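**Student:**
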Amino acid sequence: MATIVGAITTSHVPAIGGAIAKKLHQDPYWQPFFAGYPPAREWLAKARPDVVVAFYNDHGLQFFLDKMPTFAVGAAPEYRHADEGWGIPTVAPFRGDPELSWHVIERLIAEEFDLTTCQEMLVDHAFTVPMSLLWPDVDAWPVRVVPIAINTVQYPFPSPARCFRLGQAVGRALEAWDRDVRVLVLGTGGLSHQLDGERAGFINKAFDQMCMEKLVAEPEALTRYSTVDIIREAGVQGVEFVMWLAARGALTGTVARVHASYHIPISNTAAGLLVMENRPRGAAESRAAA
Amino acid sequence: MATIVGAITTSHVPAIGGAIAKKLHQDPYWQPFFAGYPPAREWLAKARPDVVVAFYNDHGLQFFLDKMPTFAVGAAPEYRHADEGWGIPTVAPFRGDPELSWHVIERLIAEEFDLTTCQEMLVDHAFTVPMSLLWPDVDAWPVRVVPIAINTVQYPFPSPARCFRLGQAVGRALEAWDRDVRVLVLGTGGLSHQLDGERAGFINKAFDQMCMEKLVAEPEALTRYSTVDIIREAGVQGVEFVMWLAARGALTGTVARVHASYHIPISNTAAGLLVMENRPRGAAESRAAA
Amino acid sequence: MKVTQAWHGIPGTTIFDGVQARKGYALNKMCYSFNSAENRAAFLADEDAYCAKFGLTPEQREAVRERNVLKLIAAGGNVYYLAKLAGIFHLDVQDLGAQQTGMTKEAFKAKLVEQGR
Amino acid sequence: MKVTQAWHGIPGTTIFDGVQARKGYALNKMCYSFNSAENRAAFLADEDAYCAKFGLTPEQREAVRERNVLKLIAAGGNVYYLAKLAGIFHLDVQDLGAQQTGMTKEAFKAKLVEQGR
Ligand SMILES: [Fe+3]
Ligand SMILES: [Fe+3]
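As given, the protein sequences belong to chains A, B, C and D, one line each in that order.
Just so we're aligned, residue 211 is where the first sequence starts under my numbering, counting upward by one.
Just so we're aligned, residue 211 is where the second sequence starts under my numbering, counting upward by one.
Just so we're aligned, residue 289 is where the third sequence starts under my numbering, counting upward by one.
Just so we're aligned, residue 289 is where the fourth sequence starts under my numbering, counting upward by one.
1) Can you tell me whether A:E294 sits near ligand 1, meaning its C-beta is under 7 Å from at least one heavy atom of the ligand?
2) Give the residues whose C-beta lies closer than 6 Å to at least one heavy atom of ligand 2, in chain order.
3) Does the beta-carbon of A:N267, which I'm using as the reference point, lie nearer than 7 Å to any heavy atom of ligand 1?
4) Count the C-beta pairs between the region 378-387 of chain A and the region 447-464 of chain A that are closer than 8 Å, then say yes if the count reaches three, no if not.
5) List the residues of chain C that A:L343 touches, going by C-beta distances under 7 Å, in chain order.
6) Do you know how far the Cα of D:V357 is from the Cα of B:A410?
7) Please report how far the alpha carbon of C:V307 lies from the alpha carbon of B:C328, in whole angstroms.
8) Looking at the unbroken alpha helix (DSSP H) that takes in A:S501, where does it start and where does it end?
9) Got a sec: is the Cβ-Cβ distance from B:D260 to anything in chain D below 8 Å?
10) Strictly under 8 Å for the Cβ-Cβ distance: is C:F322 near chain A by that measure?
11) Name the two residues that bound the continuous alpha helix (DSSP H) containing A:R354.
12) B:Y289 and B:P279: beta carbons closer than 8 Å?
13) Please name the residue, chosen from D:G404, D:R355 and D:G390, that lies closest to D:L315 on a Cα-to-Cα basis.
14) I believe B:L344 touches B:I476 by the beta-carbon criterion, under 8 Å. Please report the beta-carbon distance rounded to the nearest angstrom.
15) May I ask you to list the residues that DSSP assigns as paired with A:N478?
16) I want to verify the contact list: residues of chain C whose CB lies under 8 Å from the CB of B:Q329, in sequence order.
17) If I measure Cβ to Cβ from C:L360 and keep anything under 6 Å in the same chain, skipping five residues before and after, which residues do I get?
18) Rounding to the nearest angstrom, what Cα-Cα distance links A:L275 and B:E309 in this structure?
19) Any beta carbon of chain B sitting closer than 8 Å to that of C:G365?
20) Within the 8 Å Cβ cut-off, does D:G411 reach chain A?
21) Can you have a look at A:Y239 and say buried or exposed, based on whether 16 or more other CB atoms are within 10 angstroms of its CB?
22) Taking C-beta to C-beta, are A:A466 and A:R491 nearer than 8 Å?
23) Three-state secondary structure (DSSP) at B:L332?
24) Does DSSP put C:E347 in a helix, a strand or coil?
25) Using alpha carbons as the reference points, say which of B:P357, B:W296, B:M341 and B:F273 lies closest to D:R328.
26) By the three-class DSSP mapping on this structure, what secondary structure does A:M211 have?
27) What number of angstroms, rounded off, separates the C-alpha of A:A498 from the C-alpha of A:A480?
28) Exposed or buried, B:M211, counting other C-beta atoms within 10 Å across all chains shown (16 or more means buried)?
29) Pull up the distance between the alpha-carbon of B:A386 and that of B:L396, whole angstroms please.
30) Report the partner residues of D:S321 according to the DSSP bridge assignment.
31) In chain D, what lies closer than 9 Å to A:W387 by C-beta?
32) Under 8 Å: do the region 246-263 of chain B and the region 389-407 of chain B share three or more Cβ pairs, one atom per stretch?
33) For A:P370 and D:L373, I'd like the C-alpha separation in whole angstroms.
34) I need the DSSP call for A:M278, collapsed to helix, strand or coil.
35) With distances taken between CB atoms, is the gap from B:E322 to A:R372 smaller than 8 Å?
36) Starting from the N-terminal side, write out each stretch of the alpha helix (DSSP H) that is 4 residues or longer and does not extend beyond the region 421-457 of chain A.
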């Protein structure tokens with residue numbers, strides 16, 4: 211049985227990719243942001259994941275409006291980053307885990323998730339930036355990956371509740387995966403921000419902090435928000451919070467907050483980071499009984 | 211409110227397209243097959259649909275394994291047929307109904323169907339052949355169309371039950387469509403056939419006839435079959451019967467069989483045709499009360 | 289020029305729904321093409337010809353000519369694709385934010401910082 | 289050569305699942321390209337070069353060379369894409385059925401008719 215070690219949820223602002231490339235970690239603007247990540251990496255070093263299952267949203271690198279999937283699941287041997295048009299550097303390709311991908315796909319379709327299955331898939335900054343934050347300065351990525359893209363480009367988006375349930379189904383699929391592998395779940399995007407319209411620059415610190423608080427212990431409370439509710443409270447692109455909900459949904463055990471960080475602003479965005487450990491439910495009881 | 215006039219379910223064997231082009235209607239091989247269709251057209255002349263919502267499966271014209279959607283819904287202003295590689299002639303383009311498409315998409319995503327939304331979509335013989343059978347010899351198609359493609363290429367396919375529920379959700383969406391339009395639902399594919407493997411040429415008349423019988427009055431009974439059950443009973447490509455289930459699911463009223471025809475073989479396939487009229491539930495009662 | 293979307297009632301906000309997606313299809317398709325450096329160069333070399341190739345509406349063509357983000361959105365543009373157009377002119381999302389809110393970039397950045405207090 | 293799929297237990301039947309889809313990716317991608325007349329002509333003009341371009345495995349190349357449907361399926365081919373390869377040689381699904389069952393086309397057609405009785 212696979213072990214779900216926990217979930218990391220983090221913003222994925224493209225400018226971060228630029229700052230990494232320019233090594234601006236100590237720059238006054240960037241320092242408070244990058245300072246959030248060492249504790250996440252320390253936890254990762256102990257958690258030792260073999261595979262990352264990542265919920266992220268494509269921003270018009272891979273998918274266009276001609277064929278826009280609600281949920282696209284990678285089943286490729288390799289995933290490449292590519293030119294996104296405005297100049298962040300590309301990163302090294304990621305090794306896939308097609309066997310795990312197909313296992314997840316079979317389970318999810320059996321649970322009535324209507325996936326688009328991708329044997330070729332480019333991944334954009336929403337996938338690459340968090341990976342670079344978690345594993346800086348590596349020549350080759352030390353994990354295999356299964357990317358899952360959720361549509362937040364073209365409304366109607368899947369509801370926050372649906373995304374949470376998607377995550378739960380992924381969690382069940384991972385628990386049923388008969389291999390001795392350690393899986394990290396990643397959820398990228400948010401927190402509050404709005405790029406477009408007269409309301410551009412909107413940020414909602416109180417809402418973000420409430421979300422970060424509730425996500426750990428009461429995620430169901432957040433699934434009551436509709437897409438429009440989240441856009442109202444967190445801005446148009448704040449809807450990327452559904453990626454956090456999906457990642458949290460995949461944690462099947464008892465969830466403990468290991469680390470959190472929150473900083474305003476990076477680019478136009480409130481940047482958040484949360485590290486949640488997944489502890490087997492009833493582990494203490496089983497030990498006591500043994 | 212839109213009126214769902216009924217559903218037509220029919221085989222879509224590509225060879226039919228060739229026979230139409232070569233005007234083989236009176237040929238001894240083809241005559242018993244084509245003889246099934248005039249009653250369907252007579253019913254259509256009375257039913258007068260403005261729009262066709264069609265469940266069909268792409269056979270590798272539009273979709274490839276790089277990005278294979280479970281459910282792809284057309285939202286295009288126009289749909290074109292194209293060269294499929296083995297020589298059936300292409301037909302005139304179809305006019306879309308983007309407003310209805312978007313209405314259906316919004317309703318279905320709200321009901322947790324994870325659609326792929328297509329503002330450009332080629333349609334293959336599975337869409338064009340039934341349209342040619344229903345409206346032969348027209349210069350321009352007399353209806354607008356909303357094509358919905360269901361994956362039956364790459365397993366796992368959506369289950370028969372899921373496809374039926376998709377149809378039901380489409381039916382609810384059509385009933386909620388605030389326009390005075392008449393909608394025909396089309397379901398194409400089947401019946402039993404198998405093109406590939408040592409079992410090629412497999413046909414199951416008893417199973418097909420049971421399906422045609424039950425589809426009208428007890429469709430739920432057929433949703434108990436799994437994908438593998440249907441493949442066992444009806445052959446690998448017999449799984450296209452899910453299109454019939456989806457079409458039947460979209461009928462929200464009392465369903466009456468208007469016409470049926472069944473003929474073995476066309477190419478490698480048992481060819482079936484069913485015309486079902488959708489009569490408003492409780493129409494008699496409302497009239498009595500008025 | 290301003291889009292009114294009564295269905296959600298959030299001020300200053302256009303949700304990119306089916307109505308916008310239909311209206312903006314040609315514009316967004318052009319912008320999506322700017323993932324390729326070759327296409328960005330072709331646009332810079334002959335903007336008129338490039339826009340014509342994608343069949344932009346007059347409203348879209350005008351909005352592109354003016355590099356006016358609110359007009360681009362009103363013409364059906366989606367900000368994720370528009371960002372690729374903006375990238376050609378080395379404009380980042382804070383430039384876009386400043387333009388849309390009628391602020392200087394410095395004032396826009398200060399407003400962002402302010403919301404963290 | 290025969291594919292065994294214990295998970296469904298239907299004789300003489302390969303369901304095109306994830307295992308087959310991975311194995312057959314290059315072959316099916318080549319066959320998908322045959323939707324275009326230009327690509328069909330390129331294949332006919334230089335079959336070796338065309339197969340090499342898509343990176344077929346030796347098993348796939350061999351199966352294509354032999355026009356052997358069961359081998360093509362064993363190598364991961366999906367019948368919907370393979371039909372486009374067959375179309376190049378003017379073979380229809382009854383030709384494929386006859387070949388796979390080891391029958392003459394006439395016998396295969398008779399068997400189909402027989403099942404209607
Ligand atoms: Fe984003
Ligand atoms: Fe078919």
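All C-beta atoms, glycine included, are put in the ideal place defined by N, C-alpha and C.
Since the structure is predicted, the reported quantities are computational estimates derived from the model, not experimental observations.
**Tutor:** So, from the data block:
1) Incorrect: A:E294 has no Cβ contact closer than 7 Å to ligand 1.
2) The filter returns B:H222, B:H269, B:A336, B:G399, B:Q447 and B:E450, in chain order.
3) True, at least one ligand heavy atom lies under 7 Å from that Cβ.
4) They touch, by the three-pair rule.
5) What A:L343 touches in chain C: nothing, since even the nearest Cβ is about 19 Å away.
6) In a straight line, the C-alpha of B:A410 is about 11 Å away from that of D:V357.
7) In this structure, the straight-line span from the alpha carbon of C:V307 to that of B:C328 is close to 14 Å.
8) In this structure chain A extends from 211 to 500, so residue 501 of chain A is not present and cannot be described.
9) Closer than 8 Å: no.
10) Interface residue, yes.
11) For A:R354, there is no enclosing alpha helix (DSSP H); the enclosing beta strand (DSSP E) covers residues R354 to I360.
12) It is not a contact, given that the beta carbons lie outside the stated cut-off.
13) With distances taken between Cα atoms, D:L315 lies closest to D:R355.
14) At roughly 16 Å, the Cβ-Cβ gap does not stay under 8 Å, so B:L344 and B:I476 are not in contact.
15) BP columns for A:N478 are empty, so no partner.
16) Correct list: A309, R310 and Y313.
17) Excluding positions up to five away in sequence, the list reads A351 and L370.
18) Cα-Cα distance, rounded: 16 Å.
19) No, no contact with chain B.
20) With chain D represented from 289 up to 405, any question about residue 411 of chain D goes unanswered, as that position is not in the structure.
21) With fewer than 16 Cβ atoms within 10 Å of its Cβ, A:Y239 is classed as exposed.
22) By the CB criterion at 8 Å, A:A466 and A:R491 fall outside the cutoff.
23) Of the three classes helix, strand and coil, the one that applies to B:L332 here is strand, per DSSP.
24) Looking at C:E347 - three-state DSSP - the assignment turns out to be helix.
25) The shortest C-alpha separation from D:R328 is found at B:W296.
26) If DSSP states are grouped into helix, strand and coil, A:M211 belongs with coil.
27) In this prediction, A:A498 scores a pLDDT of 44, lower than 50, which makes its location untrustworthy; the coordinate-derived value is nonetheless stated afterwards. If I take the Cα positions, the gap works out to 44 Å.
28) So B:M211 counts as exposed.
29) Rounded to whole angstroms, B:A386 to B:L396 spans 19 Å at the Cα level.
30) Looking at the DSSP assignment, D:S321 forms no beta bridge with any residue, so it has no partner.
31) Going along chain D, no residue has its Cβ under 9 Å from A:W387, so there is no contact; the nearest lies around 14 Å.
32) Contact holds: three or more Cβ-Cβ distances are below 8 Å.
33) Spanning the two alpha carbons is a distance of roughly 44 Å.
34) Strand.
35) In contact: B:E322 and A:R372 (Cβ atoms closer than 8 Å).
36) Listed in chain order, they are 429-432 and 437-444.
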